[in-house]
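The structure under discussion appears below in the form of structure tokens.
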Amino acid sequence: MSTTKTPREWKLTELAEAAGVSPRTVRYYVQRGLLPAPPFKGPDTAYGEDHLLRLKAIRALQAKFLPLDAIQVELARLGPDELKALAESGPAPLPPPGPIPAAEAPAPAPLTAPEKARASVSSPDGVTSWRRWELAPGLELHLADTADAKTRALVERVRALIQESQER
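Numbered per my numbering, the sequence shown spans residues 940 to 1107.
The structure is reproduced here in structure tokens:
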């Protein structure tokens, strides 16, 4: 009887499901260089343990709001043991869903055109930074760094609802 362990292999859809992403996302990460290309086997293309490990690490880094460029740099920097530890840590859990606190102040009056232009500026050079979350395949949420606390609370509630619906 042999005690050698053979590495596990997955088809694209199995890998995507195991990592909690879409097959399209896996292909995109390969294209961007976040994941190594699988060995080509035609219809029998298989992904290995390293692919799943890296996908889980990517998800953990995304939970820390890192953009893909920063994630790519971080993945290149990590050694095998660090990559495994990061992948096993998993994405940071979202806060439990709860009621969104009502605003205590009255709603602000609508902004005029010049006020809107100033409200969207977050730096002297006129560039607004944005955070992006892929909530589900084909669904993204974008939040400007200039958003107020009420809007940030709404974003967290939406993200929690999406996560809750995916766990069912």
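Using N, Cα and C, we set each Cβ at its ideal position, and we do this for glycine too. Just so it is clear, the structure is predicted and the values come from calculations on it, not from any experiment.
When the options are compared against residue i, the one with the closest alpha-carbon
i: Glu1103; options: Trp949, Gln970, Leu1074, Tyr967; result: Leu1074
i: Leu974; options: Lys980, Glu956, Glu953, Ala996; result: Ala996
i: Glu948; options: Arg1091, Pro978, Val1094; result: Pro978
i: Ile1010; options: Tyr968, Ala985, Leu1093; result: Tyr968
i: Gln1001; options: Thr1067, Val960, Ala1092; result: Val960
Endpoints, the alpha helix (DSSP H) within which residue i is located
i: Glu1095; result: 1088-1106
i: Ala985; result: From DSSP, Ala985 is part of no alpha helix (DSSP H); its letter is neither H nor E.
i: Ala911; result: Since the first and last residues shown for the chain are 940 and 1107, residue 911 lies out of range.
i: Ala1026; result: 1019-1028
For residue j and residue i, the rounded distance between their alpha carbons
i: Leu1100; j: Asp983; result: 37 Å
i: Lys1023; j: Leu992; result: 6 Å
i: Glu988; j: Ala1026; result: 11 Å
i: Glu956; j: Trp1069; result: 28 Å
Residue i (DSSP reduced to helix, strand or coil)
i: Ala1056; result: Note that Ala1056 has pLDDT 40, beneath the 50 cutoff, so the model's placement of it is unreliable and the number below is only indicative. Ala1056: helix per DSSP, three-state reduction.
i: Arg947; result: coil
i: Ala1108; result: Look at the range of the chain in this structure, 940 to 1107, and you will see that residue 1108 is not part of it.
Limits of the unbroken beta strand (DSSP E) element including residue i
i: Arg1016; result: Segment 1007-1016 is the alpha helix (DSSP H) holding Arg1016; no beta strand (DSSP E) there.
i: Thr1078; result: In the sequence as presented, Thr is not what sits at residue 1078; that position holds Leu. Here the beta strand (DSSP E) through Leu1078 covers 1078-1083.
Anticipated Cβ contact below 8 Å, residue i with residue j, distance rounded
i: Val1094; j: Leu1078; result: Actually they are not in contact, since the Cβ atoms of Val1094 and Leu1078 sit about 13 Å apart, beyond 8 Å.
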